[in-house]
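In UniProt numbering, the protein residues as written are 1 to 47. For every residue, glycine included, the Cβ atom is placed at its ideal position computed from N, Cα and C. Note sheet for the following structure.
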Amino acid sequence: SYPFLPTVTDGVLLPKSPEEILAEKSFNNIPYMVGINKQEFGWIIPM
Numbered sequence: 001s002y003p004f005l006p007t008v009t010d011g012v013l014l015p016k017s018p019e020e021i022l023a024e025k026s027f028n029n030i031p032y033m034v035g036i037n038k039q040e041f042g043w044i045i046p047m
């Protein structure tokens, strides 16, 4: 888990930590789109 983006491993939505899921490759490979807007992470990423 990353300190600025914590995760909750609840056994339902995330059965294991993200690191374990990625290491085991037990996830669905789906296309997705990633983006940000000027209200998100404004203290980190200058826009």
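Of the listed residues the options, nearest to residue i (C-alpha basis)
i: Phe26; options: Pro18, Gly11 and Gly35; result: What sits at residue 26 in the sequence shown is Ser, not Phe. Answer by Cα proximity: Pro18.
Cβ-based neighbour list, residue i, same chain, cut-off 8 angstroms, excluding 5 preceding and 5 following
i: Leu14; result: Thr7, Val8 and Ile21
Extent of the continuous alpha helix (DSSP H) run through residue i
i: Ile21; result: Pro18 to Glu24
Neighbourhood of residue i by C-beta, 7 angstroms cutoff - its chain only, sequence neighbours within 5 removed
i: Glu24; result: none
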